[in-house]
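First comes the structure, then the notes that go with it.
Residue numbers (this note's numbering), protein chains in the order written: chain C, 5 to 229; chain V, 3 to 234; chain D, 49 to 100; chain P, 519 to 758.
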């Protein structure tokens, strides 16, 4: 499929650009680390068990770090008007969306992969046994978040005060996926079998399917002149 | 057609006024007093219908946004904007009367129960919808962005409602005048009547708000022509 | 039971105040726009393209 | 194919709100011609250019590039047009070679690496091929922009104010590159304020004002002075 190949070209370009400067990943990492440290001060984990508060801590950190990736993803296109370059090349807007969405997804997942073991160390909560289940949860939730986020990132990159509008829009629209993410993470962290969170997986998967498709179809109207 | 157009601005408010009075009368006198909560439960009649009509208003925004992207004529954009704004007003009604009702009955101002929380979530979505409109300068771009948000928002409503309902458990048991589950028949008829009242109110507000949207576009055009005339 | 009436009364007055304020804002905006349209049209000297 | 007009425009209109940016343009450009459109700011030159390459949708009128419509068969048209603007469409973080390889892949051209090096050699950037574009001077960026625009051997090349921000040396380099393009028989449509450069390069000259083409002449008819007086007259007509 030519569309997927073009999407991968854009995806690899973003990763190479990121690899060259690492400015997005480093920013996200230090920001997340800071948030984790602050959480450490705000909650007394000797009294409260991390198993209950863990999901909240993780997902607040991931979503705010995700915002950094999503807004930066379209700043690099604005320098040198590169978005116009993409629009002038024989590429469907959908392919541009998929390419950018995959690169955002990769960045956010990358930070999550670094953050989860670090959280387990900082809050001395053993997580090694639960990694595969957690990976599934992270995958489904981050896909929905990055899917909608890429569309909104592209939109707010072209409005005034985009840095305020992006989080406002993204968190309002992503309430279902955030609830589903926290609930599934809680089930995983409490060691209960994944089956308990079946309904939340359904919501997460439904959110992903609906919004990645909707974003794919409406992306052209967001980047059009 | 012209006769109706001239009569409308007089007749519609009168109909609305009559409906509102009938609705208020129903809520305060016709409906029996709820056994557990007493008279304060009567807030329900003008609280819950606002939520329903708000959902409907956001649905209209979603449809109008889709039509704008398909047909590209600004009238759909004006309708989408008007419906989102009126929907937001109804959401505000729900979000203020809800706590006013919860306080005497459950002792707390805010309860994270499903319908109220969903309304809050929608309020956030459509408040940011209006902010995006205000922060985009180019009119075509504003219309396109708003249309995309209108569709995404409308798609989000059912999922938000489903996820919050599962997260929080169902709406509290609200009305039991004379035993038995569900709505007391007398209360039900007043409740349905109040929905009609709010629907008429929605129609009136839209009938006022849409021409303003059109006028704003017209004036923007005239200002540009004037500026160009002065620059030349 | 009496003090509950404050909440009931408060809820209803809030609804109508909010609607009245909203309607008032709309009416005021409508008038000011209408006035400005006519002013600009007069200045442009063109006959208005048929009243909407 | 060659008999067909490279660019054919019938009664093209595009307005932003009530204001017509392009107000009824008719234009036919034969393959191999180099036409330059002059005009004051706000005359609609850039809007016309954006309409031709499919970035903007017209409110009315017909566009045919090599017999194809940019709206209906957009991808096919974009494969055969090049666009050089004053913004480079290049990623500062990537090196010159990586930028060209990225675009070559986007246009799904065979042998991306060889093609990129070949283009870099043409514009004389081989020595800086692997340095990030951020470190390039404005002149070097413009040369790389031309390399990018010609990567896929477009049949029609659009230029939007390519001379802005270029010093003497860079302008001369740009002129020689544009000469090379003309030499290869490509069709070129340039939009600029720079009367001198425009006249020298083009085989045909047009003046646009208030969204319409008010003058369209072969360049050989005009000397530099005549063009200036004609331009002043046409622009004056607009401002009085």
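Beta carbons are placed, not taken as given, at the ideal position from N, Cα and C, and that holds for glycine.
{"Check": "Within a Cβ cutoff of 8 Å, which residues of the same chain sit near residue 548 (chain P), ignoring the five residues on either side of it in sequence?", "Outcome": "523, 524, 705"}
{"Check": "Give the interface partners of residue 226 (chain V) over in chain P, defined as CB-CB distance under 7 Å, in chain order.", "Outcome": "535, 536, 537"}
{"Check": "Taking Cβ-Cβ distances shorter than 7 Å, what residues in chain D pair up with residue 106 (chain V)?", "Outcome": "52, 55"}
{"Check": "If the cut-off is 9 Å on Cβ atoms, which residues from the region 28–40 of chain V count as contacting chain C, listed in chain order?", "Outcome": "none"}
{"Check": "Would you kindly check if the distance between the Cβ of residue 607 (chain P) and the Cβ of residue 666 (chain P) is under 8 Å?", "Outcome": "yes"}
{"Check": "Within 10 angstroms of its Cβ, does residue 17 (chain V) collect 16 or more other Cβ (buried), or is it exposed?", "Outcome": "exposed"}
{"Check": "Mind checking if residue 758 (chain P) is an interface residue toward chain C, Cβ cutoff 8 Å exclusive?", "Outcome": "Unreliable placement is indicated for residue 758 (chain P), whose pLDDT of 44 sits below 50; the coordinate value is still reported in the next sentence. By this cut-off, residue 758 (chain P) is not an interface position."}
{"Check": "Using a Cβ cut-off of 7 Å, which residues of the region 206–227 of chain V contact any Cβ in chain P, in chain order?", "Outcome": "222, 223, 226, 227"}
{"Check": "I'd like the ranges of any beta strand (DSSP E) spanning at least 3 consecutive residues and lying wholly in the region 625–681 of chain P.", "Outcome": "674–678"}
{"Check": "Below 6 Å CB to CB, which residues in the same chain sit around residue 82 (chain V) once its five sequence neighbours on both sides are set aside?", "Outcome": "63, 66, 67, 152"}
{"Check": "Would residue 74 (chain D) pass as a contact of residue 210 (chain V) if the rule is Cβ separation under 8 Å?", "Outcome": "yes"}
{"Check": "Thinking just about the alpha-carbon of each residue, which of C:52, C:72, C:155 is nearest to the one in residue 33 (chain C)?", "Outcome": "C:72"}
{"Check": "What is the residue span of the alpha helix (DSSP H) that residue 26 (chain C) lies within?", "Outcome": "First-last for residue 26 (chain C): undefined, no H or E at that position."}
{"Check": "Measure the Cβ-Cβ separation of residue 13 (chain C) and residue 620 (chain P) and say whether it is below 8 Å.", "Outcome": "yes"}
{"Check": "Could you give the first and the last residue of the continuous beta strand (DSSP E) run that contains residue 61 (chain D)?", "Outcome": "Premise fails: residue 61 (chain D) lies in the alpha helix (DSSP H), 52–92, not in any beta strand (DSSP E)."}
{"Check": "Rounded to a whole number of angstroms, what is the C-alpha to C-alpha distance between residue 174 (chain V) and residue 40 (chain V)?", "Outcome": "Confidence in residue 174 (chain V) is poor, its pLDDT being 48 and thus under 50, which makes the residue's placement unreliable; the coordinate value appears in the next sentence. Cα-Cα distance, rounded: 16 Å."}
{"Check": "Does any CB atom of chain C fall closer than 8 Å to the CB of residue 655 (chain P)?", "Outcome": "no"}
{"Check": "Count the other C-beta atoms from every protein chain shown that fall within 10 angstroms of the C-beta of residue 204 (chain C), then say buried if there are 16 or more, exposed otherwise.", "Outcome": "buried"}
{"Check": "Under 9 Å between beta-carbons, which chain P residues line up against residue 141 (chain V)? List them in chain order, please.", "Outcome": "534, 535"}
{"Check": "Can you give the beta carbon distance from residue 171 (chain C) to residue 596 (chain P), rounded, assuming they're within the 8 Å contact cut?", "Outcome": "With 8 Å as the limit, residue 171 (chain C) and residue 596 (chain P) do not qualify as a contact, their Cβ atoms being about 35 Å apart."}
{"Check": "Going by DSSP, name the residue or residues bridged to residue 215 (chain C).", "Outcome": "Its beta-bridge partners do not exist; DSSP assigns none."}
{"Check": "Quick check: what's the CA-CA separation for residue 92 (chain C) versus residue 571 (chain P)?", "Outcome": "7 Å"}
{"Check": "Which runs of the alpha helix (DSSP H) spanning at least 4 residues fall entirely within the region 669–752 of chain P, listed in chain order?", "Outcome": "686–701, 713–719"}
{"Check": "Would you identify the three-state DSSP class for residue 551 (chain P), choosing helix, strand or coil?", "Outcome": "coil"}
{"Check": "Which class does residue 573 (chain P) belong to by DSSP, given the choice of helix, strand or coil?", "Outcome": "coil"}
{"Check": "Rounded to whole angstroms, what's the CA-CA distance from residue 180 (chain V) to residue 49 (chain V)? Just pull it up for me.", "Outcome": "The predicted model places residue 180 (chain V) with a pLDDT of 40, which falls under 50 and marks its position as unreliable; any figure quoted below should be read in that light. If you take the alpha carbons of residue 180 (chain V) and residue 49 (chain V), they lie about 22 Å apart."}
{"Check": "Roughly how many whole angstroms lie between the Cα atoms of residue 14 (chain V) and residue 121 (chain V)?", "Outcome": "28 Å"}
{"Check": "How many angstroms separate the CA atom of residue 106 (chain C) from the CA atom of residue 8 (chain C)?", "Outcome": "11 Å"}
{"Check": "By alpha-carbon positions, which one of P:647, P:648, P:538 ends up nearest to residue 563 (chain P)?", "Outcome": "P:538"}
{"Check": "Could you have a look at residue 537 (chain P) and say whether DSSP puts it in helix, strand or coil?", "Outcome": "strand"}
{"Check": "Is there a Cβ of chain C sitting closer than 8 Å to that of residue 610 (chain P), yes or no?", "Outcome": "yes"}
{"Check": "Taking contact to mean at least 3 C-beta pairs separated by less than 8 Å, is the region 77–93 of chain C in contact with the region 148–163 of chain C?", "Outcome": "yes"}
{"Check": "With a threshold of 7 Å on Cβ separation, who are the neighbours of residue 156 (chain V) within its own chain once the five nearest residues in sequence on each side are excluded?", "Outcome": "60, 61, 63, 64"}
{"Check": "With H, G and I counted as helix, E and B as strand and the rest as coil, what does DSSP make of residue 544 (chain P)?", "Outcome": "strand"}
{"Check": "Using three-state DSSP, classify residue 556 (chain P) as helix, strand or coil.", "Outcome": "strand"}
{"Check": "Measure the C-alpha to C-alpha separation of residue 97 (chain V) and residue 190 (chain C) and round it to an integer number of angstroms.", "Outcome": "29 Å"}
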